[in-house]
Amino acid sequence: MTQPDVAPDGDPTAPGTPRQAEPGADLALEYWERLRLFAARRLGSTDGADDVAQETLRRVGEALAADRVREPAALPGFIFRTAQHVCQQLDRSTDREARGLSRLAAAGPEADPPDALAGLIAAERRREVRHALLRLSGDDRKILRQLYFEDMEPEAIAREWRLTPGALRVRKHRALKRLSQLLDDRDT
Amino acid sequence: MPERLLDCDEVDARDVAAGYLARRLTADTAAAYEEHFIGCGRCWPALQRAMETRAAFGILGTGVNRRAWGLAAAAVLVVAAGAGLWSLREPAATIVAMRGGTDALEVHASAELGALTASWSPVVGAERYLVRLHGAAGDALVERETSDTVITVAVDSLDPALRTGAMFWQVQAIDRLRQPLRRSPLTAASPLSPP
Ligand SMILES: [Zn+2]
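Protein chains in written order, with the working numbering: chain Y, 182 to 369; chain R, 25 to 219.
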């Protein structure tokens, strides 16, 4: 892939070839959730994820308006680098506070850290998916649990099920397809 | 900058989504995957489904320490209530300065006939409103977007385990680029849940 013809976080007044740029709401619709996940995982919590997504979209919108992203194919890469930059800025400025909170948390009982990414899924959606998971076959549910919740390596799961890695992938796809069908039935 | 980019087949063959959520990937691979899924119409839905599945197993009671999460979330919720912020942690000063007005949006909450209702006055320039109903432990019980200035949630649609304590509304007005215009402080969702 070629390097994108962009200048992340550069001077918005930098000259560029004029072009019909329409940084509309589509940009936000398309990238909002992706940026929230990106930020939540990088920051280690959902706190600040909205801020990172909003600030990234603002900067990207400005760059599009100033014609600093000339190739449509370069846009995702530009968004990625802008988000990276915004995250680093936010992370640096909250380091001190985070260290304080960590000390507070360390004073409590030993426990697994909360899963920050689960906080991105609203409770009502979690309930819908839980309901669908409970309607899967036990085997399908177990494979998805091992893969996505117990964080087992795919190779270890394949060994346990006496499957080749390829066959495990087929089982996984089948389980995910059934889960999607159950969720679609529920949505309609 | 990631060292190299991934393609969809490699993402699937290596179960990169699962590795990403489990934080098993090297920093370079995670960055390569981030750059890929941000622009990929096939891998992003797959990652979303993986996230939802992970989150749903979290409430099937298999492994996650809910008590620790409750304590941690309650602690930051107190911070947020005092500061009246949308996010639960103080954002960078540079970002606050750049994101425009943060005058408080006043939410009126009521509870009757088994439903919780929040309403607010229209904000000039707002395209939509992001509305969240938080539980006492900081969980987002409901997350909606609306162009209306009122929202109602049936109490019996909430998870019985999560709806017993205090609940709080938070509303943020956003423009068409999703930039924040105004946001509300955390507002008790019913007269029975003190702020
Ligand atoms: Zn892909």
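Glycine is no exception: its CB is placed at the ideal position from the N, C-alpha and C atoms.
Answer yes or no: the CB of residue i versus the heavy atoms of ligand 1, is any distance below 8 angstroms?
i, result
"Cys268 of chain Y", "no"
"His60 of chain R", "yes"
"Arg66 of chain R", "yes"
"Val155 of chain R", "no"
"Asp39 of chain R", "no"
"Val179 of chain R", "no"
"Asp31 of chain R", "yes"
"Val310 of chain Y", "no"
"Val35 of chain R", "yes"
Compute the beta-carbon to beta-carbon distance between residue i and residue j, rounded to the nearest angstrom, for a pair I have assumed lies under 8 angstroms.
i, j, result
"Glu169 of chain R", "Leu157 of chain R", "With 8 angstroms as the limit, Glu169 of chain R and Leu157 of chain R do not qualify as a contact, their Cβ atoms being about 13 angstroms apart."
"Leu201 of chain R", "Arg239 of chain Y", "7 angstroms"
"Trp193 of chain R", "Ala142 of chain R", "4 angstroms"
"Met75 of chain R", "Leu328 of chain Y", "Contact flag wrong, Cβ pair sits at about 13 angstroms."
"Leu268 of chain Y", "Ala234 of chain Y", "First, the residue type needs correcting, since residue 268 of chain Y is Cys and not Leu in the sequence shown. 10 angstroms between Cβ atoms; not a contact."
"Ile62 of chain R", "Pro335 of chain Y", "Actually they are not in contact, since the Cβ atoms of Ile62 of chain R and Pro335 of chain Y sit about 24 angstroms apart, beyond 8 angstroms."
"Ser226 of chain Y", "Ala303 of chain Y", "That pair is no contact at about 16 angstroms."
"Ala299 of chain Y", "Ile324 of chain Y", "The Cβ separation is near 20 angstroms, so there is no contact."
"Gly370 of chain Y", "Leu271 of chain Y", "Outside the shown range of chain Y, which is 182 to 369, sits residue 370 of chain Y, and nothing can be said about it."
"Pro346 of chain Y", "Ala337 of chain Y", "Rounded, the Cβ-Cβ distance is 11 angstroms, inconsistent with contact."
If you follow the alpha helix (DSSP H) that residue i is part of, which residue opens it and which one closes it?
i, result
"Met75 of chain R", "Cys67 to Gly82"
"Ala313 of chain Y", "Ala304 to Leu315"
"Val40 of chain R", "Val40 to Leu45"
"Leu245 of chain Y", "Ala230 to Ala246"
"Gly149 of chain R", "Gly149 of chain R -> no alpha helix (DSSP H), and no H or E assigned at all."
"Gln203 of chain R", "First-last for Gln203 of chain R: undefined, no H or E at that position."
"Ala178 of chain R", "Careful: Ala178 of chain R lies outside any alpha helix (DSSP H), inside the beta strand (DSSP E) at Val174 to Ala178."
"Phe61 of chain R", "Ala51 to Gly63"
"Glu34 of chain R", "Cys32 to Ala37"
"Glu341 of chain Y", "Pro335 to Trp342"
"Asp321 of chain Y", "Gly319 to Tyr329"
Counting only Cβ pairs nearer than 8 angstroms, list the residues of chain Y close to residue i.
i, result
"Trp193 of chain R", "What Trp193 of chain R touches in chain Y: nothing, since even the nearest Cβ is about 14 angstroms away."
"Ser181 of chain R", "Glu305"
"Arg73 of chain R", "Leu357, Leu360 and Ser361"
"Gly149 of chain R", "By Cβ distance, chain Y contributes nothing, its closest Cβ being about 13 angstroms from Gly149 of chain R, past 8 angstroms."
In chain R, which residues lie with their C-beta within 8 angstroms of the C-beta of residue i?
i, result
"Asp366 of chain Y", "Simply none; closest approach about 15 angstroms."
"Arg217 of chain Y", "Here the premise fails: no neighbours, minimum Cβ distance about 11 angstroms."
May I ask which residues mark the beginning and end of the beta strand (DSSP E) holding residue i?
i, result
"Ala139 of chain R", "Ala139 to Trp144"
"Glu169 of chain R", "Ala164 to Thr170"
"Ala135 of chain R", "Val131 to Glu136"
"Ala197 of chain R", "Met191 to Ile198"
List, in order along the chain, the chain R residues whose C-beta lies closer than 9 angstroms to that of residue i?
i, result
"Arg306 of chain Y", "Glu76, Ala79, Ala80 and Glu167"
"Leu314 of chain Y", "Thr77, Ala80, Phe81 and Leu84"
Residues of chain Y with a CB under 7 angstroms from the CB of residue i: which are they?
i, result
"Trp144 of chain R", "Simply none; closest approach about 18 angstroms."
"Pro209 of chain R", "Residues of chain Y passing the Cβ test: none, with the nearest at roughly 16 angstroms."
Taking C-beta pairs closer than 7 angstroms, name the residues in chain R that residue i reaches, listed in chain order.
i, result
"Gly319 of chain Y", "In chain order: nothing, as chain R lies at least about 13 angstroms away."
"Ala299 of chain Y", "Arg78, Ala79 and Gly82"
"Ile302 of chain Y", "Met75, Glu76 and Ala79"
Name the chain B residues whose beta carbon is nearer than 8 angstroms to that of residue i?
i, result
"Ala209 of chain Y", "In the structure shown, chain B cannot be found, because the protein chains are Y and R."
Whose Cβ in chain Y lies nearer than 9 angstroms to the Cβ of residue i?
i, result
"Gly189 of chain R", "Near Gly189 of chain R there are no residues of chain Y at all, since even the closest Cβ is about 13 angstroms away, more than 9 angstroms."
Selection of the region 222-235 of chain Y by Cβ proximity to chain R, strictly under 9 angstroms: Answer set for the region 222-235 of chain Y: Arg222, Arg223, Leu224, Ser226, Thr227, Asp228, Gly229, Ala230, Asp231, Asp232, Val233, Ala234 and Gln235.
Beta carbons nearer than 8 angstroms to chain Y: which residues of the region 127-140 of chain R have them? Residues: none.
Closer than 9 angstroms, Cβ to any Cβ of chain Y: which residues of the region 158-174 of chain R, in chain order? Gly159, Gly162, Asp163, Ala164, Leu165, Val166, Glu167 and Arg168
Give, in chain order, every residue of the region 33-47 of chain R whose Cβ lies closer than 9 angstroms to some Cβ of chain Y. Using a CB distance below 9 angstroms, the part of the region 33-47 of chain R facing chain Y consists of Asp36, Ala37, Arg38, Asp39, Ala41, Ala42, Gly43, Tyr44, Leu45, Ala46 and Arg47, ordered along the chain.
By the 8 angstroms beta-carbon criterion, what residues does the region 326-350 of chain Y contribute toward chain R? Arg326, Leu328, Tyr329, Phe330, Glu331, Asp332, Glu334, Pro335 and Arg350
Along the region 249-266 of chain Y, where does the CB come closer than 9 angstroms to a CB of chain R? Name the residues. Ala254, Leu256, Pro257, Gly258, Ile260, Phe261, Arg262, Ala264 and Gln265
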